[in-house]
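J.: Our numbering numbers the first residue of the sequence shown as 16 and each following residue consecutively. C-beta atoms are modelled at their ideal positions from N, C-alpha and C, and glycine is treated no differently. Since the model is a prediction, treat every value here as computed from it, not as a measurement. Structure in structure tokens, see below.
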Amino acid sequence: MNQEVVEATCQCLLAQADKAEGAVVSAAQLEQTVISEFSRCLMQIIGSYTSRSRDFAMSKKRKYLDSYVQYGFDFVVVDGLEKPQCLLCSKVLGNGSLKPSLLKQHREATHPAHASDDRAKFEAKRARFRAAGTLPKLGLVSEKKSMLAASYNVVQRIAKAKTPHDIAEKLIEPWP
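As structure tokens, then:
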């Protein structure tokens, strides 16, 4: 907004200076006219900006309906908004896509092999999808416990030695 306000006020001032160029007025009158015109332009700009932000804040936020599972979609909450997530490709669409026609369009265009799947199949897939959890989807699976314990033991021995980290080479059995 800052750059927009500066540009608009500069345009107002230039327009006012062009008007005053042809007229014979005193410096005080010119200053008063420029200040009043500047404040009028500034109020217009601020008013238009606040009305736009109010319109954006009051835009319709759609809610997920359980019937959308028949199109192969579940939902995730991102920044307080429910957004549809495809059960087939895990793609998260925008909140504006929470319309049956758009969900159906995604399924038919992106997954034509699943266009005829019924609701029961998608409900089973949703149950598996929710049970899988988030970490395995991201590839973050816990290490094997024995490897993790060995790593902690080495770190503990290094800490007990109270020497720099290169002590690890002496603590761990050297390779042949």
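1) What does the alpha-carbon distance come out to for the pair serine 161 and lysine 98?
2) Compare the Cα-Cα distances from cysteine 101 to each of His126, Ala174, Thr48 and report the closest residue.
3) Just the C-alpha distance for tyrosine 167 and glutamate 184, rounded to the nearest angstrom, thanks.
4) For aspartate 89, which three-state DSSP category applies?
5) Are three or more beta carbon pairs between the segment 133-143 and the segment 107-120 nearer than 8 Å?
6) Check each candidate in Phe90, Arg172, Met58 and name the one with the smallest Cα separation from glycine 109.
7) Here's the rule I'm using: 16 or more other beta-carbon atoms within 10 Å means buried, otherwise exposed. How should glycine 87 be labelled?
8) Could you tell me which residues DSSP puts in a beta bridge with aspartate 115?
9) In this structure, what does DSSP give as the bridge partners for valine 107?
10) Quick check: the Cα distance between aspartate 94 and histidine 121, rounded to an integer number of angstroms?
T.: Once the coordinates are examined:
1) Numbered from 1 along the sequence shown, position 146 holds the residue referred to as residue 161. Numbered from 1 along the sequence shown, position 83 holds the residue referred to as residue 98. Rounded to the nearest angstrom, the two C-alpha atoms are 40 Å apart.
2) In the sequence shown, the residue the question calls residue 101 occupies position 86. Closest option to cysteine 101, Cα to Cα, is His126.
3) Along the sequence shown, one-based indexing puts residue 167 at 152. Along the sequence shown, one-based indexing puts residue 184 at 169. Those two C-alpha atoms are separated by around 16 Å.
4) By 1-based counting over the sequence shown, the position of residue 89 is 74. Reduced to three states, the DSSP call for aspartate 89 is strand.
5) no
6) By 1-based counting over the sequence shown, the position of residue 109 is 94. It is Phe90 whose Cα lies nearest to the Cα of glycine 109.
7) Translated into the one-based positions of the sequence shown, residue 87 becomes position 72. So glycine 87 ends up on the buried side.
8) Taking the sequence shown and counting its residues from 1, one reaches residue 115 at position 100. It should be noted that the sequence gives proline, not aspartate, for residue 115. DSSP lists no partner for proline 115.
9) Numbered from 1 along the sequence shown, position 92 holds the residue referred to as residue 107. BP columns for valine 107 point to Gln100.
10) In the sequence shown, residue 94 corresponds to position 79, counting from 1. In the sequence shown, residue 121 corresponds to position 106, counting from 1. Cα to Cα, the separation comes out at about 23 Å.
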